[in-house]
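Visitor:
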Amino acid sequence: MTPKKILRRSQPDTHAGWGQNLPPLLRRLYAARGVTSDEQLSYTLKHLASPMSLRGIDRAVELLAEAIEQQQRVLVLGDFDADGATSTAVAMLGLSMLGLQSIDFRVPSRFADGYGLTPGIIERLRDEGQLPDLMVTVDNGISAVEGVRAAKELGVNVVVTDHHLAGDELPAADAIVNPNQPGCPFLSKNAAGVGVMFYVLTALRKHLRETGRLPDPEPNLGSLLDLVALGTVADVVPLDHNNRIFVEQGLRRIRQGEARPGILALLEVAGRDHTAISSTDLGFVVGPRLNAAGRLDDMSIGIACLLADSPDEARRLARELDTFNRERRTIEKDMKAQAQDLLASMSLDLEGLPWGLALFDPDWHQGVIGILAARIREQTHRPTIAFAPDDNGEDIKGSARSIPGLHIRDVLAVVDARHPGMLKKFGGHAMAAGMTLAKSDLDAFSKAFDRAVRDSARAEDLEAAITTDGPLALDELCLDTAALLKRAGPWGQHFPEPLFDGEFRVVSQRIVGENHLKLVLQPVEGGGIVDGIAFNTGPEVPDYTRTGARVVYKPDANTFRGRTNLQLLVDYLEPLS
Numbered sequence: 001m002t003p004k005k006i007l008r009r010s011q012p013d014t015h016a017g018w019g020q021n022l023p024p025l026l027r028r029l030y031a032a033r034g035v036t037s038d039e040q041l042s043y044t045l046k047h048l049a050s051p052m053s054l055r056g057i058d059r060a061v062e063l064l065a066e067a068i069e070q071q072q073r074v075l076v077l078g079d080f081d082a083d084g085a086t087s088t089a090v091a092m093l094g095l096s097m098l099g100l101q102s103i104d105f106r107v108p109s110r111f112a113d114g115y116g117l118t119p120g121i122i123e124r125l126r127d128e129g130q131l132p133d134l135m136v137t138v139d140n141g142i143s144a145v146e147g148v149r150a151a152k153e154l155g156v157n158v159v160v161t162d163h164h165l166a167g168d169e170l171p172a173a174d175a176i177v178n179p180n181q182p183g184c185p186f187l188s189k190n191a192a193g194v195g196v197m198f199y200v201l202t203a204l205r206k207h208l209r210e211t212g213r214l215p216d217p218e219p220n221l222g223s224l225l226d227l228v229a230l231g232t233v234a235d236v237v238p239l240d241h242n243n244r245i246f247v248e249q250g251l252r253r254i255r256q257g258e259a260r261p262g263i264l265a266l267l268e269v270a271g272r273d274h275t276a277i278s279s280t281d282l283g284f285v286v287g288p289r290l291n292a293a294g295r296l297d298d299m300s301i302g303i304a305c306l307l308a309d310s311p312d313e314a315r316r317l318a319r320e321l322d323t324f325n326r327e328r329r330t331i332e333k334d335m336k337a338q339a340q341d342l343l344a345s346m347s348l349d350l351e352g353l354p355w356g357l358a359l360f361d362p363d364w365h366q367g368v369i370g371i372l373a374a375r376i377r378e379q380t381h382r383p384t385i386a387f388a389p390d391d392n393g394e395d396i397k398g399s400a401r402s403i404p405g406l407h408i409r410d411v412l413a414v415v416d417a418r419h420p421g422m423l424k425k426f427g428g429h430a431m432a433a434g435m436t437l438a439k440s441d442l443d444a445f446s447k448a449f450d451r452a453v454r455d456s457a458r459a460e461d462l463e464a465a466i467t468t469d470g471p472l473a474l475d476e477l478c479l480d481t482a483a484l485l486k487r488a489g490p491w492g493q494h495f496p497e498p499l500f501d502g503e504f505r506v507v508s509q510r511i512v513g514e515n516h517l518k519l520v521l522q523p524v525e526g527g528g529i530v531d532g533i534a535f536n537t538g539p540e541v542p543d544y545t546r547t548g549a550r551v552v553y554k555p556d557a558n559t560f561r562g563r564t565n566l567q568l569l570v571d572y573l574e575p576l577s
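Going by UniProt numbering, 572 is the number at position 572 of the sequence shown; the sequence numbering is gapless.
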């Protein structure tokens, strides 16, 4: 494992006025995550922020209500990731529930179209005779200046729903709903695209109710919350209180078996029991299988799975997505090996590496360069961009992953300002971004990117670190704690799942499944022995039985041959000095 500095999360005093009915461990964990009141731990829908403070939502509702009344043709334009897929499904299902009859969707091809609403998509719709009366973008559109212009020139009304950061120029859409657009007072700036579309639907339902045009019986938009939860977790947006409400409400529906057949089928093919899932399962089990369609083929397959009403059809599509995910993992494994060889060929240790890494290989696959960039970022703790060839042969497409404290889109904006025209297009978030540039500009861009990172980051930002919640007491190292923590979520980005660290004697260790380290541990201060497992360590590991180990772990319940025991899921370990 790459050496890391182990940091402990600050432990503020728990105020006597809240959490009196909570176990002391949970009060400590919640306080360390910024919780200061019982209300922040209440995940009922009444605590959701009001959609009416979203800028542009009134106009969006007017256009959608008009489309329903006149039965216009509406086209939802999605995106090729899990947030885009769930946003599309929510738009399709929700607008149909509210009375729209003529509705369809399109998803840009990652390979032929690139990201978002482009003039090429509009031209293709025109040539096919498929131009809609109203187009609704979901999880994209805030940067589609040219695409919206092309649609408007052909008489198509456009409602943009998005959550990405706005550029210098906004598209001339008929309505824009995006909490991150300039001048929007909406409190939760962390909403995923699927959350924004859900809010538009709730505002539309309110308008239709007030004007006496709501279908009878009144549609239950809460039935869409499983999709909202999945998209929110899979897009790795910060889980502020608002997003935790979305996720918890969606998880409850899934556990009760009231989810879309497609979500239940994706859990089934992964061997997960839907009655006991957590937010982690959405992020690491369902999300990747859904994303695999957009990475390797066509996200329309993933959306079809989410829209499927028949469990049999959902299972068929889920098996297809599972096959894509296996293929994606194989491609990713090969690309990661190539990238590691490329880093080794640079003959530099970490101190000699550029602060910002820009790597390219002509054999890399556009669909998995984001995952590859994340893997290399984890290995080097450098902001990393992985580039793959564009289909036109002249350009390359890059996917960037950042480190905590460095806003990657802002870094790209600095490069763009210093070198106008070098970046043909770019966009993204604090931690992830995408871009296109000419292959001939790669060397110049690599130097400019490294310089912009050096101007924005500090040397200590490049130190690999892992943050824990400190040790568990001996009486807390038990199955009850594992169950307590699983129920205490939802955990996720900026509301991290608890990690603990402690010093252990290593009674025994062995490699299982070629790459995983199986451990038998005993706390150095005494107590009973406990099993541990560290995944993907590789076959070459130190002999911790000689030294003992400082272990960073999550307590988990492991069931084997009908018996359930405590097992520590090891995120990191190092020999005791």
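For each residue, glycine too, the CB sits at the ideal point set by N, CA and C.
With a threshold of 16 other CB atoms inside 10 Å of the CB of residue 494, please say whether the residue is buried or exposed.
Guide: By the neighbour-count rule (16 or more Cβ atoms within 10 Å), residue 494 is not buried but exposed.
Visitor: Does the beta-carbon of residue 142 have 16 or more other beta-carbons within 10 angstroms, so that it is buried, or is it exposed?
Guide: buried
Visitor: Alpha carbon to alpha carbon, what distance is there between residue 151 and residue 125?
Guide: 10 Å
Visitor: From this set, 480, 240 and 112, which residue's C-alpha is nearest residue 392's C-alpha?
Guide: 112
Visitor: Using the three-state DSSP reduction, which class does residue 197 fall into: helix, strand or coil?
Guide: helix
Visitor: Who does residue 555 pair with in a DSSP beta bridge?
Guide: 568
Visitor: Given a cut-off of 8 Å, decide if residue 250 and residue 229 are closer than it, judged by their beta-carbon atoms.
Guide: yes
Visitor: Is residue 563 helix, strand or coil by DSSP?
Guide: strand
Visitor: What do you get for residue 332, buried or exposed, if any count of 16 or more other CB atoms within 10 angstroms of its CB means buried?
Guide: buried
Visitor: At what residues does the alpha helix (DSSP H) containing residue 250 begin and finish?
Guide: 241 to 255
Visitor: For residue 519, tell me which candidate among 533, 526 and 492 has the shortest Cα-Cα distance.
Guide: Taking only the C-alpha atoms, the option nearest residue 519 is 533.
Visitor: Which residues does DSSP list as the beta-bridge partners of residue 522?
Guide: By DSSP's assignment, residue 522 forms a beta bridge with 505.
Visitor: Ignore the nearest five residues each way along the sequence and tell me which others in residue 465's own chain have a CB closer than 7 Å to its CB.
Guide: 4, 5 and 7, listed in sequence order.
Visitor: Entirely within the UniProt domain "DHHA1" (360 to 454) and at least 3 residues each: give me those beta strand (DSSP E) ranges in chain order.
Guide: Runs of the beta strand (DSSP E) lying entirely within the UniProt domain "DHHA1" (360 to 454) and spanning at least 3 residues, in chain order: 384 to 389, 395 to 401, 423 to 428 and 432 to 438.
Visitor: Which of the three DSSP states, helix, strand or coil, is assigned to residue 5?
Guide: strand
Visitor: Say whether the segment 422 to 440 touches the segment 398 to 407, bearing in mind that this needs 3 or more beta-carbon pairs closer than 8 Å, one atom from each stretch.
Guide: yes
Visitor: For residue 157, which beta-bridge partners are listed by DSSP?
Guide: DSSP, once it has assigned bridges, lists 134 as partnering residue 157.
Visitor: What residue range is occupied by the uninterrupted alpha helix (DSSP H) comprising residue 89?
Guide: 82 to 97
Visitor: Cα-Cα, which of 18, 21, 25 and 20 is closest to residue 11?
Guide: 25
Visitor: Measure the C-alpha to C-alpha separation of residue 218 and residue 210 and round it to an integer number of angstroms.
Guide: CA-to-CA, the gap between residue 218 and residue 210 works out to about 12 Å.
Visitor: Excluding the 5 residues flanking residue 264 on each side, which residues of the same chain have their C-beta closer than 8 Å to its C-beta?
Guide: 254, 257, 274, 311 and 314
Visitor: In terms of alpha-carbon separation, which member of 424, 423, 567 and 537 lies closest to residue 482?
Guide: 567
Visitor: Ordered along the chain, which non-local residues of its own chain (more than five positions away) have a Cβ less than 6 Å from that of residue 358?
Guide: 385, 446 and 449
Visitor: Taking Cβ to Cβ, would you say residue 278 is nearer than 8 Å to residue 240?
Guide: By the CB criterion at 8 Å, residue 278 and residue 240 fall outside the cutoff.
Visitor: Alpha carbon to alpha carbon, how far is residue 104 from residue 242?
Guide: 29 Å
Visitor: How about the segment 129 to 149 and the segment 79 to 91: do they share at least three Cβ pairs that are nearer than 8 Å?
Guide: yes
Visitor: Take every Cβ of the segment 528 to 544, pair it with every Cβ of the segment 503 to 514, and state whether three or more of those distances are shorter than 8 Å.
Guide: Touching, yes, given that three or more Cβ pairs across the two stretches are closer than 8 Å.
Visitor: Span of the beta strand (DSSP E) holding residue 531?
Guide: Unbroken beta strand (DSSP E) run through residue 531: 530 to 534.
Visitor: Indicate the three-state DSSP secondary structure (helix, strand or coil) for residue 142 in the structure shown.
Guide: coil
Visitor: By a C-beta neighbour count over all protein chains shown, 10 Å radius and 16 as the cutoff for buried, is residue 459 buried or exposed?
Guide: exposed
Visitor: Quick check on the DSSP output: the alpha helix (DSSP H) that includes residue 127 runs from which residue to which?
Guide: 119 to 127
Visitor: Tell me the residue span of the beta strand (DSSP E) that contains residue 468.
Guide: 465 to 468
Visitor: Do residue 171 and residue 200 have their C-beta atoms within less than 8 Å of each other?
Guide: no
Visitor: For residue 440, tell me which candidate among 247, 475 and 394 has the shortest Cα-Cα distance.
Guide: 394
Visitor: Quick one: grab the DSSP three-state call for residue 262.
Guide: helix
Visitor: Apart from the five residues just before and just after residue 292, which ones in its own chain have a Cβ nearer than 7 Å to its Cβ?
Guide: Non-local beta-carbon contacts of residue 292 in its own chain, meaning distances under 7 Å to residues more than five positions away in sequence, involve 321, 324, 325 and 328 in chain order.
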